[in-house]
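Heads up: the sequence shown is residues 1 to 333, going by this note's numbering. Take a look at the structure set out below.
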Amino acid sequence: MNLKGWFKRERLPIEELEPHDCPNCGTTFQGYYCPNCGQSDTEFDRPFGFVFYNFMGDFFAFDSRFFQTFRYLLLKPGFLTSEFLEGRRQRYAPPFRIFIFFSFVLFLLLQLLTGRVLKDDVDWSPKNEEQLVAVDSLSRQLGDHVASDTVNQSTDIKVDSLFTNGPLESKLQILARSVDQKLQEETDPEEQESLLRMKYNLSSPRALTNTFLKYLSWAFFLMLPVLAVLLSGFYWRRKLRFIRHLVFSVHIHSFVFLLNILLVALSLIWHLPGWIFGLSILGGNVYIYMALKRFYGQGYLKTFVKFLMLGGVYILCVSTAIVWVIYNAYMNL
């Protein structure tokens, strides 16, 4: 289906155009793109319909390639990287554009999912004797009750309400009020600062999760060159240029993001059983192994050993990045 053709206006042949000056650099030229600076002669100070018409043409030019890129990215591990580096690029969406697109969609869906989780009912009631002891200990630490900030100010909210079925966000608000009560009694400045930050994070869980996701997106962007450096180390005998490892890293991360987009999107519609996530982890690992095998061209056993070692080091790097993300999200609110 040629979606681009639905929107793209037919252009006159270049020889039929009048010479005109480039508004960016002043070069006189005949055509649609300035030969000096490369700027398009598209005029955006036009009626909205004209601009929208041209925008949709450009969008679906990407969209048509996107579907083909999507298919090969999902079904042929390592294929897109080889195609890109062998010069066959025009038929596929650029690697970094695909990564940025998937990153945008994934973190948008994660924001929707975390918002729904905060609204969903959770049951913190103790299920066994050990949990019951923990609940009693927490109740003593929080006190018998915390003041309600509802319309009826004389009503007390029992700490026991934390351990009944109810929305997660409301339970965090109860904890925030208990921290506020302790904050009013605290005299140590450092402890006051710590309690104040805890109170704010508990009372504003959406702000905390949004900040966490923002830092997490940055962290995964930085993981692109990190994985490329690891690949160049594990495959140093191949003497490949760094850009090859980087493009491979971009495609691998794009696949992981795509897989998570599918899982998060399905989670927003249905309650997925745990085995679905387990199967996706297994499938993702098989995909990465096959991508390494296809792109770097080494034997199955050698690739498997490198896959395990590379995976271990990468997980350590990701874990360190996530700890950094959690710390910064908590401290910078």
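Cβ atoms here follow ideal geometry from the backbone N, Cα and C, with glycine treated the same way. A quick note: this is a predicted structure, and the numbers were derived from the prediction, not measured.
- prompt: Between the Cα of I281 and the Cα atoms of L292, G297, F295 and F257, which residue gives the shortest distance?
  reply: Numbered from its first residue, the sequence shown carries residue 281 at position 281. Comparing Cα-Cα distances from I281 to each of L292, G297, F295 and F257, the minimum goes to F257.
query: Under the three-state reduction of DSSP, which class applies to Y289: helix, strand or coil?
result: Position 289 of the sequence shown holds residue 289. Helix.
- prompt: Does the Cβ-Cβ distance between L292 and K306 come in under 8 Å?
  reply: What you label residue 292 is simply residue 292 of the sequence shown in a count that begins at 1. What you label residue 306 is simply residue 306 of the sequence shown in a count that begins at 1. Pairing L292 with K306 gives a Cβ-Cβ distance under 8 Å.
Sequence-distant residues of its chain with Cβ nearer than 7 Å to G284 (five each side left out): What you label residue 284 is simply residue 284 of the sequence shown in a count that begins at 1. Sequence-distant partners of G284 (beyond 5 residues in either direction) whose C-beta falls short of 7 Å from its own C-beta, in its chain, are V256 and L259.
query: Does DSSP put T27 in a helix, in a strand, or in coil?
result: Here the question's residue 27 lines up with position 27 in the sequence shown. Assignment of T27 by DSSP, reduced to helix, strand and coil, places it in the coil class.
- request: Look at the alpha carbon of M309 and the alpha carbon of L227, and state the distance between them as a whole number of angstroms.
  value: Reading the sequence shown from its first residue, position 309 is the one you call residue 309. Reading the sequence shown from its first residue, position 227 is the one you call residue 227. Distance between the alpha carbons of M309 and L227 is about 12 Å.
message: Beta-carbon within less than 6 Å of C25's beta-carbon, same chain only, minus the 5 sequence neighbours each way: which residues are those?
response: Locating residue 25 in the sequence shown gives position 25, counting from the first residue. Cβ neighbours of C25 beyond the five flanking positions: N36 and C37.
message: Here's a check: name, in chain order, each residue in its chain whose Cβ is nearer than 6 Å to the Cβ of W6, leaving out the five neighbours to either side.
response: Locating residue 6 in the sequence shown gives position 6, where the first residue counts as 1. Bear in mind that the predicted position of W6 carries a pLDDT of just 45, short of 50, making it too unreliable to give a figure here.
- request: Return the first residue and the last residue of the alpha helix (DSSP H) that R206 is part of.
  value: As a first step, residue 206 is located in the sequence shown; it is residue number 206 there, counting from the start. P205 to F234 is the span of the alpha helix (DSSP H), which, as asked, contains R206.
field: Under 8 Å between C-beta atoms of Y92 and R116
entry: Taking the sequence shown and counting its residues from 1, one reaches residue 92 at position 92. Taking the sequence shown and counting its residues from 1, one reaches residue 116 at position 116. The answer is no: Cβ separation not under 8 Å.
message: Would L85 and Y72 be called neighbours here (beta carbons separated by less than 8 Å)?
response: Position 85 of the sequence shown, counted from the first residue, corresponds to residue 85. Position 72 of the sequence shown, counted from the first residue, corresponds to residue 72. No. Outside cutoff.
query: When every heavy atom of the ligand ADP is checked, does at least one fall within less than 7 Å of the C-beta of L110?
result: This structure simply doesn't include the ligand ADP, nor any ligand for that matter.
field: Contacts around Y300, its chain only, beta-carbon distance under 6 Å, and the 5 residues preceding and following it disregarded
entry: Here residue 300 corresponds to residue number 300 of the sequence shown, with the count starting at 1. Once the five neighbours on either side are set aside, Y300 has no close Cβ partner at all.
Residue burial classification, I243 (beta-carbon count within 10 angstroms, cutoff 16): Residue 243 sits at position 243 when you count from the first residue of the sequence shown. The residue in question, I243, is exposed, as its Cβ has fewer than 16 Cβ neighbours within 10 Å.
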